[in-house]
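Numbering (our numbering), first residue to last: 9 to 1196.
Just so it is clear, CB atoms sit at the ideal spot from N, CA and C, and this is done for glycine as well.
Working notes, structure below.
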Amino acid sequence: MAEIEKVPKKMFSPKSTISLDEMFSQAALVFPDNLAVTYINELKQEDLTYQEVDKKALQISSYLKTFCKLQNTVVGIYTRIMLGFIACMIGVLRIPAAFAPIGLDWPVKMVKQFIETSGVNVVVVNVDLLEKFNQVLRLLEGSNKTFRLITECEVLKLNGFVVAVANEPIVSPDYEQSLGYVMQTSGTTGSPTVVKVPHACIVPNITSLAKIFGMTDKDSVAVVSPYTFDPFIVQVFLALSSGGRAVVVSDAFKLQTGKLCQILFDDLKISLFQPTPYLMYLIGQERIRRNILGQQSPLRILAFGGESCPTLSVLQKWKHHNCETRLFNLYGITEVSSWASCFEITDKELNDKDTIGSRKRVVVEDEVMDINEDSVPLGFPLEDTILEVRDENGLKIDEGVGCIFIGGRNRVCYLGNETSFHPGTMRSTADLGYIEENKLWFIGRKNRSIKRQAKNISLDWLERSLSKAFPDFIFCAVADTLSDAPQNEIYLFVKPETSYNERPFLTSLKRELREAFPPYACPDYVGIVSTIPLTSHGKVDTRALLKNCREEKNLSLGESVEEILKNIWLNGITLEDDSTVASSKRGVYGPGEQGDQANTNRSTLDMPPQVESEDMFVEHGGSSLAALRVANEIKTWFHQDVGSRDEELSELVDVILNSSFGKLCAYIKARVADKSCNREGTIGENMVENTSASQGDFHLASADENENSSEFCTRIGITSKPSKNNDDREVKTSVSLKRRKIEDNGKHTHPTEAATGNFSCFCSIQRGMRATTCSSCTASGIHGGVEHSQGALEASLSLKWKTNFHKCIDASPLVVGTNDKDLAVVYLGSHAHVLKAVYLASGMILWETCLGDRLESSAALSKCGLYVIVGCYDGKVYVLNRSNGHVVWTYQTSGPVKSSPCVDPSTRLVWIGSHDHHLYALDVNQRDCIASIDCGSSCFSSPWILHNPHLVFIGTLGGRLFCVDASTQSIKWSKQCPQPIFSSPLATSQAVVYACVNGIVYCCDLDRKPLWEFKTGDPVFSSPTMFWSSVANESKGYVLFGSHDGFVYCLSDSGEMRWKFKTDSQVYSTPFVAPVVRELKKPSEVTDKIMNCSSHLQMDIPDIKMSSEHARNTSGSTIEGRGVMSSRNDPVVVVCSIQGTIYCLSLDEGHLVSSWSFPGQVFSSPILVGNDILVGCRDDFLYCLTIN
9 MAEIEKVPKK
19 MFSPKSTISL
29 DEMFSQAALV
39 FPDNLAVTYI
49 NELKQEDLTY
59 QEVDKKALQI
69 SSYLKTFCKL
79 QNTVVGIYTR
89 IMLGFIACMI
99 GVLRIPAAFA
109 PIGLDWPVKM
119 VKQFIETSGV
129 NVVVVNVDLL
139 EKFNQVLRLL
149 EGSNKTFRLI
159 TECEVLKLNG
169 FVVAVANEPI
179 VSPDYEQSLG
189 YVMQTSGTTG
199 SPTVVKVPHA
209 CIVPNITSLA
219 KIFGMTDKDS
229 VAVVSPYTFD
239 PFIVQVFLAL
249 SSGGRAVVVS
259 DAFKLQTGKL
269 CQILFDDLKI
279 SLFQPTPYLM
289 YLIGQERIRR
299 NILGQQSPLR
309 ILAFGGESCP
319 TLSVLQKWKH
329 HNCETRLFNL
339 YGITEVSSWA
349 SCFEITDKEL
359 NDKDTIGSRK
369 RVVVEDEVMD
379 INEDSVPLGF
389 PLEDTILEVR
399 DENGLKIDEG
409 VGCIFIGGRN
419 RVCYLGNETS
429 FHPGTMRSTA
439 DLGYIEENKL
449 WFIGRKNRSI
459 KRQAKNISLD
469 WLERSLSKAF
479 PDFIFCAVAD
489 TLSDAPQNEI
499 YLFVKPETSY
509 NERPFLTSLK
519 RELREAFPPY
529 ACPDYVGIVS
539 TIPLTSHGKV
549 DTRALLKNCR
559 EEKNLSLGES
569 VEEILKNIWL
579 NGITLEDDST
589 VASSKRGVYG
599 PGEQGDQANT
609 NRSTLDMPPQ
619 VESEDMFVEH
629 GGSSLAALRV
639 ANEIKTWFHQ
649 DVGSRDEELS
659 ELVDVILNSS
669 FGKLCAYIKA
679 RVADKSCNRE
689 GTIGENMVEN
699 TSASQGDFHL
709 ASADENENSS
719 EFCTRIGITS
729 KPSKNNDDRE
739 VKTSVSLKRR
749 KIEDNGKHTH
759 PTEAATGNFS
769 CFCSIQRGMR
779 ATTCSSCTAS
789 GIHGGVEHSQ
799 GALEASLSLK
809 WKTNFHKCID
819 ASPLVVGTND
829 KDLAVVYLGS
839 HAHVLKAVYL
849 ASGMILWETC
859 LGDRLESSAA
869 LSKCGLYVIV
879 GCYDGKVYVL
889 NRSNGHVVWT
899 YQTSGPVKSS
909 PCVDPSTRLV
919 WIGSHDHHLY
929 ALDVNQRDCI
939 ASIDCGSSCF
949 SSPWILHNPH
959 LVFIGTLGGR
969 LFCVDASTQS
979 IKWSKQCPQP
989 IFSSPLATSQ
999 AVVYACVNGI
1009 VYCCDLDRKP
1019 LWEFKTGDPV
1029 FSSPTMFWSS
1039 VANESKGYVL
1049 FGSHDGFVYC
1059 LSDSGEMRWK
1069 FKTDSQVYST
1079 PFVAPVVREL
1089 KKPSEVTDKI
1099 MNCSSHLQMD
1109 IPDIKMSSEH
1119 ARNTSGSTIE
1129 GRGVMSSRND
1139 PVVVVCSIQG
1149 TIYCLSLDEG
1159 HLVSSWSFPG
1169 QVFSSPILVG
1179 NDILVGCRDD
1189 FLYCLTIN
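Below is the structure:
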């Protein structure tokens, strides 16, 4: 091992080391046209050359210098991984200043503390995260350090940023070495420690590894570490110092391990990959052998770091014997950023049969420990780095077990308030190492610490923190390091010292863990015990606690495979659920929902959670860490009750993350069958159900299983095993009605904002020709159709304006009009998390508001006209002031909200579906949830409100159509379809039309009796719409929709095809039918821009008829905001194909009138307002076309 060196003071030259930004600048001069950065997310790939990054960095640096006039300024960066992040980082370094990455998963209090203790005076904020960062600013308002937001800088906006500047900047200390960046330890080994990293400390790390790896300008480096983890810096500058390319991957894309491997290794031919072992376990053995360490792998270097390296036996299974990829094990700590040692794992080590699987025993502090010689050594020190192993007295040892120390000449960082250090300072790692014959192995952590997701977690710290929050309880945290899981599981045992109320305590504990602890530090299981067992030496008997817990974790052996997997799958999702709203599907109560309210809804809690075959783990709230927990539980059950080897379930994590629940069941069943189980879907006839209620003083159950139980173990926020469903109705999923009053406790509301608007008119029109006429326009008579001249319609389309929404647009526009066309406003959201209000006349932005996640829901207007309502991927329904975009209220559901809201004019209620399987009725004026109806499956489609009779219809991804009594908010009936329903239903006073992905459009009466059905060639995602015309006293009904077979269909109201039109690709959008204005008599007639609005929010469509005779007896009337056309009108059908072509078709014959092509795909539905067509595109723009 390397010896500690006595470094003379005169050799300490802090200014002589090149800086990180200078490393980049030198490479940019030599390789200006090389690709420097490639950014990949789930939607697209973007590239920047060295010259482009250099230019962007210079622009950012020049602007930020205005606010960074003090020496040693620290600039915080609060952003998602994105294309402009690297340029922003280099721009900060060029000021010169140090950048300080701020974690998005940090609790708000931790972000505040980091800003205060790290000396941050400026924060660059991603525009998508502005609303989230405002929470930090509000928290800082009560401190000595406040910030002001500056949003008008075009340079930053073009790169996706705004800036927050301290009102009274703090003068930073004069450090002996110039700082490169500032990071924070996880805080899980005690108080979070700020680590200030000099260029002189990190640069030798990069240059040393560049030599070892043989970096060239041809290399592509996968940057997969979080940017708050210092290996991120090494990965980026290994590429950017050599003229190579840094391939940056979004956090969401990392979970899609199949696509990740295909793009990184098959498409981009990545040559250097430095993952944590955690990520490798997610990828799975099969993909590792095929894509990463296969015979034809493009990878030159695979370097593990951040956690214990996979053992030699595991690596031997992963690597093909002809694979030429070099393997390395890296070791280091944040306090001596970043890597300290490196060990190359040669084929000789992998093929050493004597080493693989062997162990030796050593004694450490009177405890016998197994040293796995199969593990990979830590290796030898990098340039300018010293490693030592020291005993309890702090003396260096050459053999045996001790604590590992790291240091060197300049390989030291400033910790906390340090402004200087002695050259050659050695830092303790708190890691235990075993040294023998100059080889060093990691064997564990001191101070009861473990590592999860490359973060150190002190169990002592966890216990102390919880004891401070709950002084009447004793906490004992135990890590299960013997399980087969790639991540150590944490069990938290709680012993109450006084009498207590179980449910409120658990609710408070869950809230404390969610708000005060990072996700990787939260325990996997919580057990309430009457006593904590001790050993003969008076120490906690962790083995006894874990033994009882493992025994109680065993699942009921008589259950079917589906039931077992459903319970495990739901547990994994519920653990990730941060919802503060009670969920009848899961039976989980959030903070503040105990007591009488909980007792009132007791029957709801007993209802079984539902999992549909098509449900996806991540989409329903699961994460990669949760997937590992779920996989471990499945493996534990499988090993104990079926019997298997790990390799038989090697794809398990990948299946959980990237396949549906049904495919997971099929995957496990296939392996059960391989084990010759003698019953399909069950586990051996000789196995009996485990009815044991407790073992010793430990009981595994939930608070709902036994109200009076004082001892139980459960995952945080998870209820007991679901009870049987005794409902004998036709509905096979559990369907319930749950009413609740939302308490004004701050959990569902934002600070109230007066929703005053300056607009006198609020007529509106939205997807599917749903229209309203406001009271002022009704009184003025402004709600009729526009007169047209006779003759065949000939038209062309031209671009009027387009507006950038920063990311894909899948939602459809809402247009709210006024008496002045120049003030009509379009409301629309995009995947950039932003909802914008845009003037119809010019495309200029009135306001834009950043919400919590992407928006696919189309906005609706409240009955009063003051609010815009929209659903969001973060599970919230947002209510915004229409005039200024301020959020006045949010309602939190338990799943993404892709459904579009629908407003009932008679009750003012907003009806909207959620992927948490519920249909909600919300009163946005009183800020109440009036009803939550369990539909048994995700509600993707939007509700349809019928006024006479007063009913609400919605379809689910479980393929069921629901009819709900709008007055009582109770289910009247439901009807099962063969496959999921994505499109929204269409209802009249006598019938309802709905489409299924089996390609069939159905029509039934209001008692669900079938009337007719029409079959297309492919699935139907387009929502049917209806138009009624009256010509020469003859009424005609038109039912229009698109299909994935590429046709637009027009049916009669009795289900007979009038015509069909072939487009260039599948049709997802909903057709829009309206007359086209040939010429305006006078400017005032522009007020008829909202065509044929009804005087109510929604009116009933004339009956979809059962026969042609019925058509002759039906008189024309205004329908659901759709006009009654006279022979003088020229109605056209406007519809888009997915490929991006918009078509204008004649209503009567389906002839092509005009078409226009967009540069991207279109999933948005068009809106026709006068002669203007509005539609969103996946090229990130909202387009306004004019029919000429």
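Enclosing beta strand (DSSP E) for residue i [first to last residue]
i     : result
Q984  : 978-984
H926  : 926-931
S457  : 457-460
A529  : Neither: A529 is in no beta strand (DSSP E) and is coded neither H nor E.
F1171 : Looking at the DSSP string, F1171 is not in any beta strand (DSSP E), and its letter there is neither H nor E.
Contacting residues, own chain, Cβ-Cβ under 8 Å from residue i (five flanking each side not counted)
i    : result
R253 : N42, L43, A44, V45, T46, D227, S228, V229, A247
D360 : L320
Residues near residue i by beta carbon distance below 7 Å, same chain, minus five either side
i    : result
V116 : Q143, V144, L147
N392 : Checking the displayed sequence, the identity of residue 392 turns out to be Asp instead of Asn. The answer, listed in chain order, is P212, G416, R417, N418, R419.
K277 : S228, P306
Length of the line joining the Cα atoms of residue i and residue j
i     : j     : result
A65   : A95   : 5 Å
T644  : V135  : 44 Å
F1189 : N812  : 5 Å
R519  : S475  : 15 Å
I576  : D113  : 25 Å
P1032 : Y1057 : 10 Å
D182  : Q192  : 20 Å
I309  : Y286  : 18 Å
I48   : C769  : 44 Å
K325  : C350  : 22 Å
Q984  : G883  : 26 Å
L553  : V244  : 44 Å
Proximity below 7 Å, CB of residue i to CB of residue j
i     : j     : result
L1176 : F1049 : no
R925  : C943  : A small fix is needed here, since residue 925 is His in this sequence, not Arg. Yes.
S305  : C269  : no
Y499  : Y528  : no
H328  : Q303  : yes
I85   : F32   : no
D1015 : I953  : no
A819  : S866  : yes
G188  : L28   : yes
V895  : Y886  : yes
V119  : V82   : no
Sequence-distant residues of its chain with Cβ nearer than 6 Å to residue i (five each side left out)
i     : result
I1146 : S1073, Q1074, Y1076, Q1169
K459  : E315
CA nearest to the CA of residue i, picked from the options
i     : options                 : result
G1054 : P1027, P200, F93        : P1027
S1037 : A1082, C1012, L1019     : A1082
T539  : E505, V918, D973        : E505
G580  : A105, V626, V171, D549  : V626
D623  : K574, L1155, A639, A634 : K574
T284  : A311, D259, F261, L272  : A311
F261  : I291, F245, C1152       : I291
R295  : F39, F273, S838, K447   : F273
First through last residue of the alpha helix (DSSP H) which encompasses residue i
i    : result
S475 : 467-477
K120 : 116-125
Residue i CB to nearest heavy atom of the ligand GDP below 6 Å
i    : result
V663 : In the structure on display, the ligand GDP does not appear, and there are no ligands present to speak of.
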